[in-house]
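Undergrad: Before anything else, here's the structure in question.
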Amino acid sequence: MANPYLAFPIDDVPLSDIYVGDRLRPVDPAFAEAMAASLLSGSRLPPIILRRPAPAEGINKPFALVIGGHRHAAAVLAGWTTYRAEISNWSALQARLEEVKENLVRSELNPLDRAIFIDEHKRVWELLHPDAGRGGDRRSKKATKVQALHFGPRTFSADVAERCGVGERTVKYALALVKSLAPEAIALLRGTDWSRNAAELQRLAAEPIERQVQLAKLHARGGAETVAKARLAAGYAPTGEADPQEELFRRIVANWERLDAKGRKRFLAHTGLTEQAKPRQRMPRISEIVPEVDPRQIDLEDAIAAKNGAVA
Numbered sequence: 001m002a003n004p005y006l007a008f009p010i011d012d013v014p015l016s017d018i019y020v021g022d023r024l025r026p027v028d029p030a031f032a033e034a035m036a037a038s039l040l041s042g043s044r045l046p047p048i049i050l051r052r053p054a055p056a057e058g059i060n061k062p063f064a065l066v067i068g069g070h071r072h073a074a075a076v077l078a079g080w081t082t083y084r085a086e087i088s089n090w091s092a093l094q095a096r097l098e099e100v101k102e103n104l105v106r107s108e109l110n111p112l113d114r115a116i117f118i119d120e121h122k123r124v125w126e127l128l129h130p131d132a133g134r135g136g137d138r139r140s141k142k143a144t145k146v147q148a149l150h151f152g153p154r155t156f157s158a159d160v161a162e163r164c165g166v167g168e169r170t171v172k173y174a175l176a177l178v179k180s181l182a183p184e185a186i187a188l189l190r191g192t193d194w195s196r197n198a199a200e201l202q203r204l205a206a207e208p209i210e211r212q213v214q215l216a217k218l219h220a221r222g223g224a225e226t227v228a229k230a231r232l233a234a235g236y237a238p239t240g241e242a243d244p245q246e247e248l249f250r251r252i253v254a255n256w257e258r259l260d261a262k263g264r265k266r267f268l269a270h271t272g273l274t275e276q277a278k279p280r281q282r283m284p285r286i287s288e289i290v291p292e293v294d295p296r297q298i299d300l301e302d303a304i305a306a307k308n309g310a311v312a
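Quick note on numbering: the UniProt record's numbering labels position 262 of the sequence shown as 262, and the sequence is numbered without any gaps.
Here's what the structure looks like:
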């Protein structure tokens with residue numbers, strides 16, 4: 001795929017002149033080490049992208065890193081002193097937006113990182129386009145519809161959904177997830193199993209803010225595999241709640257008690273638990289019911305029984 005930034009001048013830049021700063025996506029040490037080994041073996045990786053920070057930013061280096069955090073880390077690990085870089089003319093906000101857009105197309109992003117990038121994308125885009133959601137004639141219905149955040153004629157969620165290859169619902173879910181999670185909990189979960197499990201993230205987001213950090217700490221320290229187990233360990237759940245089968249059993253019992261007679265009969269028929277017809281029992285002989293009978297009556301019954309057996 002062609003590099004869209006090739007219009008920028010390229011130069012070998014000393015790594016000591018690059019300010020890395022607060023990256024939205026933390027560097028994965030294992031991935032950086034693998035890239036460093038690739039560099040040492042002679043592989044040629046794409047240039048990184050830098051910008052020149054404004055004096056007001058207080059950065060005491062001539063360049064700030066925009067795109068290529070893992071390549072930069074790999075070059076440092078490999079012992080390189082310089083690395084090829086494209087020098088952009090982006091502002092700090094434009095650079096942040098490009099960093100987000102570059103990472104959003106990566107398939108290896110986990111649900112938490114993707115949600116963080118989508119949320120940051122929206123925040124930066126709104127700062128770059130402050131009138132996108134407030135302009136126009138507020139009295140007209142048409143203007144009211146246009147006041148939502150747009151990328152041209154489309155909504156933010158539609159544009160990002162196409163960029164990421166996901167549905168608009170996923171984009172809206174990501175924005176809601178970041179809004180519902182405590183920032184400290186998000187920081188604790190980066191790189192953990194929950195960050196790769198959308199269902200667990202949703203369960204944690206449903207917890208009160210004051211509990212989320214404690215539950216996230218339990219998981220980050222290896223003390224809880226799931227949110228349910230973390231709640232149990234923290235004393236927020238009664239014994240047995242962590243067992244999904246126990247929860248299902250309680251639901252079935254509760255629903256059974258709400259069923260009427262017809263509903264219960266249907267349920268039993270569905271499960272194959274309907275009572276089967278009992279086999280007909282042999283009618284007791286008179287001699288078994290009335291101990292003192294005429295012996296001739298007993299002989300008559302025996303004769304009838306013998307005759308029936310012969311016919312059968």
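Even for Gly, the Cβ is constructed at its ideal location relative to N, Cα and C.
Quick one: grab the DSSP three-state call for Ser-88.
TA: In this structure, Ser-88 counts as strand in the three-state DSSP scheme.
Undergrad: Would you identify the three-state DSSP class for Pro-183, choosing helix, strand or coil?
TA: Reduced to three states, the DSSP call for Pro-183 is helix.
Undergrad: Suppose you measure from the CA of Gly-42 to the CA of Leu-204; what does that come to, to the nearest Å?
TA: Those two C-alpha atoms are separated by around 45 Å.
Undergrad: For Val-76, which three-state DSSP category applies?
TA: Looking at Val-76 - three-state DSSP - the assignment turns out to be helix.
Undergrad: Starting from Arg-25 and walking both ways along the beta strand (DSSP E), at which residues does that stretch end?
TA: Careful: Arg-25 lies outside any beta strand (DSSP E) and carries neither H nor E.
Undergrad: Using a Cβ-Cβ cutoff of less than 7 Å, which residues in the same chain neighbour Ala-32 once the five nearest sequence positions on both sides are dropped?
TA: Same-chain partners within the cutoff: His-70, Ala-73, Ala-74, Leu-77.
Undergrad: Report back the beta-carbon spacing between Ile-87 and Leu-127 to the nearest angstrom; my notes put them in contact at under 8 Å.
TA: Not a contact, Cβ separation roughly 23 Å.
Undergrad: Evaluate Asn-60 with the Cβ neighbour count: other Cβ atoms within 10 Å of its Cβ, from every protein chain shown; 16 or more gives buried, anything less gives exposed.
TA: Asn-60 should be labelled exposed.
Undergrad: Could you give the distance in angstroms between the alpha-carbon of Phe-117 and the alpha-carbon of His-129?
TA: Between Phe-117 and His-129, the C-alpha separation is close to 18 Å.
Undergrad: Let's test the definition: count the other Cβ atoms within 10 Å of the Cβ of Trp-194 and tell me whether it reaches 16, buried, or not, exposed.
TA: Trp-194 comes out buried.
Undergrad: Would you kindly report the start and end of the unbroken alpha helix (DSSP H) that includes Arg-264?
TA: From DSSP, the alpha helix (DSSP H) with Arg-264 extends over 261 to 271.
Undergrad: Compute the Euclidean distance between the alpha carbons of Gly-79 and Ser-38, then round it to the nearest angstrom.
TA: About 13 Å.
Undergrad: Please check the pair Lys-217 and Leu-188, which I expect to be a contact at CB under 8 Å, by giving their CB distance rounded to whole angstroms.
TA: So it is a contact: roughly 6 Å between Cβ atoms.
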